[in-house]
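Data first, discussion second: the structure below is written as structure tokens.
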Amino acid sequence: MAEPPRRPRELFLAGLAAAYLAAFVSLYLQLPGLYGRDGILPLRRALRPGGRGLRALLGAEPTLLWLSPRAGLAAERGAELLCLLGAAAALCALLSAALRDCLLLAAMHAAYLSLCRVGQVFLYFQWDSLLLEAGFLGVLVAPLRLFRWRSAAWRAHDGVTFWLVRWLLFRLMFASGVVKLTSRCPTWWGLTALTYHYETQCIPTPAAWFAHQLPVWFQKLSVVATYVIEIAVPLLFFAPIRRLRLFAFYCQVLLQVLIILTGNYNFFNALTIVLAFSLLDEEHVAYWLGRSKKKHAGSWPPSLLAFLSTLLELAAYALLLYWSVQHFGLEIDWEKKVLESKVAFTYHEFTQWLRTVTLPLVGVGFLSLSWEILSALYRCISVRGCFWKLWALLQWAVFATAAVGVFAVSLVPFTYIDYESNGKLWPGIHHMFNAVERFQVVNSYGLFRRMTGVGGRPEVVLEGSYDKQTWTEIEFMYKPGNVSAAPPLVAPHQPRLDWQMWFAALGHHSSSPWFASFVYRLLQGKKDVIRLVQLDEAKYPFSAQPPTYIRAQLYKYWFTGSTETGEGATRWWRRQHVQEFFPTVSLGDPTLESLLAQHGLKVRPPPQTPLSPVCAPPAWPWGSAHPPRAPPRTRRPPSARRPPSCPGCWSPSGASASRSRARPCCGPCTSAPPAPPCCAPSPAGPGGGHPRPATKGPSGGTRWTEGAARRTGR
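Numbering-wise, the sequence shown is residues 1 to 714 according to full-length UniProt numbering.
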């Protein structure tokens, strides 16, 4: 039998640790501005216990941040601690093979899941879901090393769990290719998507400007290559011939490297390459490292097998080329000296083909997994020693069962590409998926399903003023704004506010409730939020004093052409004003106050009522570091009590909220805890009752909004 892929497994675990490290560090740098007490979406609005016990809270929303108050930490401090611990664990696993342990990976997975479950709109991206699913598989793949302090030997069942990584890669790539056609996007069907993509993606790189200048025929050919790599080549992931799997590996790496060069997609493309390591074998990685063993001449039967393998390999390449020529009308125009291409099939024909192949692909996956399970069983039986053989069989039974369970559950999001096939799945599989969906063990994927920005990329530009007469643009660090500023290189960091600004520009501001809170924090001059916009205070025009008024304008941006001269030759962008995106507002403005209250981003003060003779203390405020002190046993007469606006009352936004010990509420004060008066329990439901995205879409565990699904399906 083939040599077990120990080195590919180590590459996968090390790459997974690197992705975790990038994700934790990037999020940690943005936590205060995004989720802090004075951030855009404070975590306290997503963590409202409502008087429930810890078990009920974890069942409703599986996040370790429920433990923050019990540890004497505010929610945002607990999130920062999770990021620091996760980053430290990821760094240890990256630097030391002995620490690439299933327990350490489980800790990283739990920390990132805890953050994603309460991260609201800023953590609703497909790569967050992909990292969670890959991280869960990493727990199954990684050995238990912490108690042995030496490199664990390859276990008999490791091939079974490592196969799940290959299955995840197949689902990711195949679905990403299919949704481009099922979306009926005219640019994908017309093969013109890449003529818009480079300038309309969220944060392009400088290389994207040069790629945008390529001729149209080459852009169309690039779309054809994308379809081939994402739809046809993934079928080779399960080929029994290793050279076909290696060919598939290098095709995926080529695509991801080109995306990395032209776009800032944080750790996503690097993580996809890490998943592709599951296509490699021990011999090929040893060849990379210069440690490959010399092969001796084989006997006649192995030589015959090698000859037949070569024939099948050539036949696969020929079939792939024939399929590409036939379905995309590839033809050389000798006069223009270009390679013309067009889609040579209809939407109906494609959906019929997809309906025909979806369930057979599930069967191919099941047969491939069954082969891995039977091979692992053979290796278990071959183990020497009765005790060790029984121990190997026990592990095989546990991990084979887990692999079959994960494979079965993953069929639900995978078959979202064809809902008729999804409906044919056994109902028990749907029940299993519903039971684990909130843990995001499996998710659906579908990148760039529709191309936005046709006719110009929409971009929101913020403007501030002190007198409503002179307006100054507020320039972001990463997203396009200044037409003379070069596109940045950001990856693997993800500026999540810049990304959401890109999504906000695709619709009305009411579709992005967080935007009103963002404007409100800028008007208040909150430093943590300002650092999300500009780290350099010299580049922020209102660093000395917050603006009195803020408005937002909608522009359309285009890359400049390579033939432009004069002033345009020094610019990267050109733009045109479209309309007002957000009205002029200031602190206390009724429009802004209404938007904040409508979306639950600012607490409305309760109406004033006469003081009651007895007022029970409020529930423990979860933003406080300690529980409130008990009320005194001896009551003062009503006339001697504090007025409603006394500084002793707990206020979530006032100065007393930051005190280490909050006093009990002494009346129906105007700074009561969220929702009810301070003497009543909070009725908040699971997750604080904050609104979930209106549409779930075919995302499985991935929670998204319709606006976010337009372009990338995130």
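Every residue, glycine too, gets a C-beta built ideally from N, C-alpha and C.
Predicted model only: the values in this text are computed from it and were never measured.
Select from Gly78, Trp209 and Trp188 the residue whose C-alpha is nearest the C-alpha of residue 769.
There is simply no residue 769 to check, as the chain begins at 1 and stops at 714 in what is shown.
Opening and closing residue of the beta strand (DSSP E) in which Pro583 lies
Trp573 to Val585
Would you call the CB atoms of Asn266 and Pro492 closer than 9 Å?
yes
For Leu339, which three-state DSSP category applies?
strand
Segment contact, 8 Å Cβ cut-off, at least three pairs: the segment 358 to 374 with the segment 404 to 423:
yes
Can you give me the start and stop residues for the alpha helix (DSSP H) that Ala597 sits inside?
Pro590 to Gln598
Lys527, enclosing alpha helix (DSSP H) - first and last residue
Lys527 to Val533
Mind listing, in chain order, the continuous alpha helix (DSSP H) runs of no fewer than 4 residues lying wholly within the segment 407 to 438?
419 to 423 and 427 to 436
Whose CA, out of Phe582, Leu447 and Ser594, lies closest to the CA of Ser183?
Leu447
Is it right to say Ala87 is buried, meaning 16 or more other beta carbons lie within 10 angstroms of its own, or is it exposed?
buried
Own chain partners of Gln524 with C-beta closer than 8 Å, once the 5 adjacent residues on each side are dropped:
Asp38, Pro546 and Leu587
Let me know the secondary structure DSSP gives Arg659 once reduced to three states.
Bear in mind that the predicted position of Arg659 carries a pLDDT of just 33, short of 50, making it unreliable; the figure below should be weighed with that in mind. Coil at Arg659, not helix or strand.
Which first and last residues belong to the alpha helix (DSSP H) in which Pro206 is found?
Pro206 to His212
Jot down the residue ranges of each uninterrupted alpha helix (DSSP H) in the segment 469 to 509, minimum 4 residues, whole runs only, in chain order.
496 to 504
Using a Cβ-Cβ cut-off of 7 Å (strictly less than) and excluding sequence neighbours within five positions of Arg457, which residues of its own chain qualify?
Glu199, Thr200, Lys556 and Tyr557
What does the alpha-carbon distance come out to for the pair residue 720 and Glu10?
The structure shown does not extend to residue 720, since the chain is modelled only from 1 through 714, so no value can be given for it.
Do the segment 95 to 113 and the segment 135 to 146 touch if we need at least three Cβ pairs shorter than 8 Å?
yes
Going by the CB atoms, is the gap between Leu532 and Ile40 shorter than 9 Å?
yes
Distance CB(Pro186)-CB(Ala486) smaller than 9 Å:
no
Which value, in whole angstroms, describes the spacing of the CA atoms of Trp426 and Gln352?
22 Å
Ala544 (DSSP reduced to helix, strand or coil)
coil
On the DSSP bridge assignment, give the partners of Phe559 in chain order.
Trp573
How is Tyr317 classed by DSSP in three states: helix, strand or coil?
helix
Can you grab the Cα-Cα spacing for the pair Leu361 / Glu437, in whole Å?
23 Å
Please say whether Met173 and Glu230 have beta carbons closer to each other than 9 Å?
yes
Taking the alpha carbon of Met451 as the reference point, which residue from Leu280, Leu191, Ala71 and Phe238 has its own alpha carbon closest?
Leu191
Just grab the DSSP bridge partners of Pro458 for me.
Lys556
List the endpoints of the continuous alpha helix (DSSP H) containing Asp128.
Gln126 to Val141
Checking the sheet assignment: what are the DSSP bridge partners for Tyr112?
Note: Tyr112 sits in no beta bridge, so no partner.
Would Ser309 and Arg245 be called neighbours here (beta carbons separated by less than 9 Å)?
no
Separation of Trp572 from Ala193, as counted between CA atoms
21 Å
Whole-angstrom C-beta distance between Glu76 and Arg117, which should lie under 8 Å
Actually they do not touch by this definition, with Cβ atoms about 15 Å apart.
Uninterrupted beta strand (DSSP E) stretches inside the segment 50 to 84 (no shorter than 3 residues):
none
Thr415 to Gln469 span [Cα, whole Å]:
56 Å
Label Ile381 either buried or exposed according to how many other C-beta atoms from any shown protein chain fall within 10 Å of its C-beta, with 16 as the threshold for buried.
exposed
Straight-line Cα distance separating Val223 from Arg551:
39 Å
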